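>
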Amino acid sequence: MGRWAIAVHGGAGVDPNLPQQRQEEAKQLLTRCLNLGISALRSNLPAIDVVELVVRELESDPLFNSGRGSALTEKGTVEMEASIMDGPKRRCGAVSGLTTVKNPVSLARLVMEKSPHSYLAFSGAEEFARQQGVELMQNDYFITEDNVGMLKLAKEANSILFDYRIPLETCSAGAAAAMDNPLQMNGLPISVYAPETVGCVAVDSEGRCAAATSTGGLMNKMTGRIGDSPLIGAGTYACDLCGISCTGEGEAIIRGTLARDVAAVMEYKGLGLQQAVDFVINERLDEGKAGLIAVSRNGDVACRYNTNGMFRGCATEDGFMEVGIWN
Amino acid sequence: MGRWAIAVHGGAGVDPNLPQQRQEEAKQLLTRCLNLGISALRSNLPAIDVVELVVRELESDPLFNSGRGSALTEKGTVEMEASIMDGPKRRCGAVSGLTTVKNPISVARLVMEKSPHSYLAFSGAEEFARQQGVELVQNDYFITEENVGMLKLAKETNSILFDYRVPLETCSAGAAAAMDSTLKMNGLPISVYAPETVGCVAVDSEGRCAAATSTGGLMNKMTGRIGDSPLIGAGTYACDLCGISCTGEGEAIIRGTLARDVAAVMEYKGLGLLEAVDFVIKERLDEGKAGLIAVSRNGEVTCRFNSNGMFRGCATEDGFMEVGIWD
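This is the structure:
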């Protein structure tokens with residue numbers, strides 16, 4: 019009987035000025051989701067069910083950028099995407115461009131299990147969702163006041179904003195100062211951090227790994243823009259050896275095939291999980307900024323990022339548990 | 450000064466009963482496209498320009514399943530997708546769900562070079578195409594009589610049909626026999642061959658590799674279905690070492706991250722191009738059927754497939770040139 023392990027994340031790249039209250043809320047949410055996953059693993063739920071369950075919880079909470087609380091497109095709407103992968107047999111499912119589906123990760127799961135395809139998007143995905151009878155909401159269910167304000171700021175800055183939860187009352191001078199900060203942190207006017215994408219990876223006591231990732235994507239993104247989160251091998255990957263979920267600059271994760279590379283380096287170079295994760299963050303990102311969580315079939319868990327902070331939590335069967343934001 | 454090399458393909462998985470005339474037409478098209486690419490390489494056009502040029506030619510011809518001549522969705526419409534990747538710096542661009550764009554590969558290139566994103570889809574991609582002023586046509590421009598007939602057959606068999614160009618006049622008994630043949634060849638009622646996706650890979654005399662893939666996707670696919678062709682790491686990949694374009698069963702290519710794995714095996718196991726391609730076709734496909742073309746920065750070119758045939762052609766600077774369908 020193997021050892022279970024689990025990790026969750028709420029995005030890589032955190033505003034250093036994030037108010038303490040927000041930091042606490044984030045850690046509480048991560049803790050709650052971690053505990054949900056731990057209970058499920060202790061009840062012998064397979065890893066694939068655990069990751070879906072946990073990501074559903076993250077999607078339902080408005081705090082991070084997935085499901086409710088998703089970032090807004092340039093048009094002020096929400097377009098959500100997600101992917102899920104089951105290590106044994108490397109089955110996978112993905113969705114993009116969802117506008118009414120309450121839990122995108124569950125639709126991704128249905129694509130994997132109930133459709134002859136691997137990836138459905140936009141109106142076709144919505145149609146499939148209706149046929150499958152999943153819970154649907156009006157698009158404004160997903161839109162939060164915070165994000166409406168964030169979109170305004172993003173348009174003012176005429177840049178793709180990475181996410182920071184500055185309360186709007188401290189706008190103007192505060193926001194301007196904070197705005198300078200993100201732009202400098204990235205070194206580029208166009209920041210392509212994927213703000214607060216969520217994810218979960220787990221390995222159950224049978225040694226089965228799974229991974230799931232969900233997001234609303236980039237604030238102020240073009241309609242129809244697809245990021246790394248629904249792309250198998252980029253934002254999500256799972257196989258016999260491990261399960262990985264990534265977050266950060268979508269373009270860097272895509273061209274670095276980040277999630278796949280963790281497993282590839284284990285398979286082809288014989289590295290262990292931590293070494294593989296270190297290697298990928300150090301070598302596959304070039305100037306890109308990203309982070310990832312990973313588990314191995316042996317019950318190891320790892321988290322690495324080269325960004326300024328990452329919302330994450332992890333736990334293993336021997337009682338280890340940690341939730342954090344900073345280094 | 451390195452040696453250039455180029456390969457093109459028109460899909461993996463060919464009906465053994467394909468009429469001789471069709472085989473000839475296919476070989477002529479492959480030859481024409483290969484020669485186009487060879488001229489371009491001799492004129493010192495960079496690999497990224499060469500692959501785009503060649504795939505545009507394949508898209509414009511109704512013979513294969515891309516651009517004009519694309520497979521039809523279950524609704525009888527065309528939804529096209531493509532991706533392109535430039536080895537140096539691993540820049541990439543992809544599109545899905547295009548319905549009016551004459552040359553999807555060129556919009557993928559524009560996404561890479563003129564947008565802050567890597568992947569645009571459906572109405573957002575169409576909007577971007579309009580803004581970029583690319584050539585647009587009515588959706589019926591892409592629809593051929595043959596594919597309308599093919600869709601009818603597919604619906605009759607209630608399966609996703611892999612492509613075979615049996616002339617419709619030999620329908621009924623002939624088609625029924627061919628159909629049985631098809632279904633048995635796959636071993637499954639639902640065949641998930643990607644019929645006649647097209648692609649091109651090239652390395653120029655500077656040793657720069659590039660890859661491009663374009664398709665209409667599966668005949669009778671669900672609206673919104675995305676296959677492997679626009680997915681970086683699955684259907685297309687290019688880096689400093691090599692360029693790869695895949696075709697075949699989309700699901701198998703996605704879960705096998707086929708294109709990325711050729712390069713990963715070269716990078717992480719130190720294999721040469723031919724060994725890497727053999728390894729990937731043998732080890733990463735499980736029961737899946739697919740094929741791929743690949744070039745290396747050293748001027749090598751190769752093509753491998755485990756399907757029944759693959760439309761392909763390749764050429765190198767030292768005068769080697771070959772166009773084929775069967776083993």
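The listed protein sequences correspond, in order, to chains A and B.
Counting in this note's numbering, the first sequence runs from 19 upward without gaps.
Counting in this note's numbering, the second sequence runs from 450 upward without gaps.
Positions of the beta carbon are idealized from the N, C-alpha and C atoms, including for glycine.
The structure displayed is predicted, hence computed values, not measured ones.
In the DSSP assignment, find the beta strand (DSSP E) that holds Y323(A) and state where it starts and stops.
Along the first sequence, read from residue 1 onward, the residue named residue 323(A) stands at position 305. First-last of the beta strand (DSSP E) with Y323(A): V319 to Y323.
> Going by DSSP, name the residue or residues bridged to I592(B).
Position 143 of the second sequence, counting from 1, holds the residue named residue 592(B). DSSP output for I592(B) lists no bridge partner at all.
> So, is the C-beta of E131(A) closer than 8 Å to a C-beta in chain B?
Working through the first sequence from its first residue, we reach residue 131(A) at position 113. Output row for E131(A): interface = no.
> In the DSSP assignment, what residue or residues form a beta bridge with T685(B)?
On the second sequence, residue 685(B) is found 236 positions in, with the first residue counted as 1. DSSP output for T685(B) lists I681(B) and S694(B) as bridge partner(s).
> Scan the segment 216 to 290 of chain A and note each continuous alpha helix (DSSP H) run of 4 residues or more that stays entirely inside, going in chain order.
268 to 273 and 276 to 287
> Exposed or buried, which one is A492(B) when buried takes at least 16 other CB atoms within 10 Å?
Indexing the second sequence from 1 puts residue 492(B) at position 43. In the sequence as presented, Ala is not what sits at residue 492(B); that position holds Ser. With fewer than 16 Cβ atoms within 10 Å of its Cβ, S492(B) is classed as exposed.
> Step through the CB atoms of chain A and report whether any lies within less than 8 Å of the CB of M668(B).
As a first step, residue 668(B) must be located in the second sequence, where it is residue number 219. Not an interface residue.
> If you measure between the beta carbons of T118(A) and Q150(A), is that distance less than 8 Å?
Walking along the first sequence from the start, residue 118(A) turns up at place 100. Walking along the first sequence from the start, residue 150(A) turns up at place 132. Against a cut-off of 8 Å, the Cβ pair of Q150(A) and T118(A) comes out as no contact.
> When you compare each of G598(B), Q581(B) and L559(B) to E501(B) by their alpha carbons, which one comes out closest?
Within the second sequence, residue 501(B) is the residue found at index 52, counting from 1. Out of G598(B), Q581(B) and L559(B), the CA that lies nearest to the CA of E501(B) is found in L559(B).
> In the segment 718 to 729 of chain B, which residues sit with their C-beta less than 7 Å from some C-beta in chain C, listed in chain order?
Structure shown: chain C not included; protein chains present are A and B.
> Is any beta-carbon of chain A found at less than 8 Å from that of C541(B)?
Along the second sequence, read from residue 1 onward, the residue named residue 541(B) stands at position 92. It does; some Cβ of chain A falls within 8 Å.
> Please classify I161(A): does DSSP put it in a helix, a strand, or coil?
Stepping through the first sequence from its first residue, residue 161(A) is reached at position 143. Coil at I161(A), not helix or strand.
> With DSSP as the reference, label E528(B) as helix, strand or coil.
Locating residue 528(B) in the second sequence gives position 79, where the first residue counts as 1. Reduced to three states, the DSSP call for E528(B) is coil.
> Quick one: what's got a C-beta closer than 6 Å to M98(A)'s C-beta in the same chain, skipping five residues either side?
In the first sequence, residue 98(A) corresponds to position 80, counting from 1. By the criterion of a C-beta distance shorter than 6 Å, M98(A) is surrounded in its chain by S88, L116, P122 and G234, once the five residues flanking it on both sides are discounted.
> Could you tell me which chain A residues have their CB closer than 7 Å to the CB of G682(B), listed as they occur along the chain?
As a first step, residue 682(B) must be located in the second sequence, where it is residue number 233. G251, A252, T275 and R278, listed in chain order.
> Below 8 Å on the Cβ atoms is my contact criterion, and I expect V341(A) with L76(A) to pass it. Report the Cβ-Cβ distance as a whole number of Å.
The residue labelled residue 341(A) in the question sits at position 323 within the first sequence. The residue labelled residue 76(A) in the question sits at position 58 within the first sequence. Taking 8 Å as the upper bound for CB-CB distance, V341(A) and L76(A) are not in contact here, some 13 Å apart.
> Taking the continuous beta strand (DSSP E) assigned at M715(B), which residues delimit it?
Stepping through the second sequence from its first residue, residue 715(B) is reached at position 266. First-last for M715(B): L707 to K718, but that is the alpha helix (DSSP H), not the beta strand (DSSP E).
> What separation, rounded to the nearest whole angstrom, lies between the Cα atoms of T334(A) and I24(A)?
Along the first sequence, one-based indexing puts residue 334(A) at 316. Along the first sequence, one-based indexing puts residue 24(A) at 6. So the two alpha carbons sit approximately 6 Å from each other.
> Which of helix, strand or coil does DSSP assign to M599(B)?
Indexing the second sequence from 1 puts residue 599(B) at position 150. Three-state DSSP puts M599(B) in a helix.
> Check A489(B) in the structure and name its three-state DSSP category.
Residue mapping note: residue 489(B) aligns to position 40 of the second sequence, counting from 1. DSSP places A489(B) in helix when its eight states are reduced to three.
> Could you name the residues that DSSP lists as bridge partners for H27(A)?
Sequence index remark: in the first sequence, residue 27(A) carries index 9 (1-based). For H27(A), which the question treats as bridged, DSSP gives the partners G217(A) and R330(A).
> Closer than 9 Å, Cβ to Cβ, to anything on chain B: give me those residues from the segment 121 to 148 of chain A, in chain order.
Flagged, chain order: S133, P134, H135, S136, Y137, L138, A139, F140, S141, G142, A143, E144, E145 and F146.
> By alpha-carbon positions, which one of A58(A), L171(A), R273(A) and G242(A) ends up nearest to I250(A)?
The residue given as residue 250(A) occupies position 232 in the first sequence. Answer by Cα proximity: R273(A).
> Kindly provide the ranges of any beta strand (DSSP E) runs that are 3 or more residues long and lie completely inside the segment 69 to 141 of chain A, ordered along the chain.
Counting whole runs of 3 or more residues, the segment 69 to 141 of chain A contains the beta strand (DSSP E) stretches 98 to 104, 109 to 116 and 137 to 139.
> Can you confirm whether A578(B), when its beta carbon is compared against all beta carbons of chain A, has any partner nearer than 8 Å?
Your numbering for residue 578(B) matches position 129 in the second sequence. A578(B) does not count as touching chain A.
> Is R243(A) buried or exposed, if buried means 16 or more other CB atoms sit within 10 Å of its CB?
Numbered from its first residue, the first sequence carries residue 243(A) at position 225. Under this definition R243(A) is a buried residue.
> Taking DSSP's pairing of strands, which residues face L169(A) in a bridge?
Along the first sequence, one-based indexing puts residue 169(A) at 151. Looking at the DSSP assignment, L169(A) forms no beta bridge with any residue, so it has no partner.
> Residues of the segment 222 to 242 of chain A with a CB closer than 9 Å to any CB of chain B: list them in chain order, please.
L236, K239, M240, T241 and G242
> Whole angstroms is fine: what's the gap from G142(A)'s alpha carbon to G598(B)'s?
Indexing the first sequence from 1 puts residue 142(A) at position 124. Indexing the second sequence from 1 puts residue 598(B) at position 149. Those two C-alpha atoms are separated by around 23 Å.
> Using 10 angstroms around the beta-carbon of A194(A), count the other beta-carbons present and answer buried if the total reaches 16, otherwise exposed.
The residue given as residue 194(A) occupies position 176 in the first sequence. Residue placement at A194(A) is flagged as unreliable, the pLDDT there being 46, under the threshold of 50; the coordinate-derived value follows with that caveat. Answer is exposed; the Cβ neighbour count stays below 16.
> Please go through the same chain and pick out, in chain order, the residues whose beta-carbon is closer than 7 Å to the beta-carbon of N757(B), but skip the five residues on each side of it.
The sequence position of residue 757(B) within the second sequence is 308, counting from 1. The answer, listed in chain order, is G462, V463, P465 and M634.
> For the segment 312 to 327 of chain A, which residues have a CB atom closer than 7 Å to at least one CB atom of chain B, in sequence order?
none
> Go through its chain and collect everything with a Cβ distance to I703(B)'s Cβ below 7 Å, but skip five positions before and after it.
The residue you call residue 703(B) lines up with position 254 of the second sequence. Correct list, in chain order: D677, L680 and A683.
> Is the CB-CB distance between T91(A) and T241(A) below 8 Å?
In the first sequence, residue 91(A) corresponds to position 73, counting from 1. In the first sequence, residue 241(A) corresponds to position 223, counting from 1. Cβ atoms of T91(A) and T241(A): closer than 8 Å.
> Here's the rule: buried if 16 or more other CB atoms are within 10 angstroms of the residue's CB, otherwise exposed. What is V166(A)?
For the purposes of this step, residue 166(A) is identified with residue 148 of the first sequence, where counting begins at 1. It counts as exposed.
> With 16 as the cutoff for other CB atoms within 10 Å, does V457(B) come out buried or exposed?
To locate residue 457(B), count along the second sequence from 1; it is residue 8. Burial call: buried.
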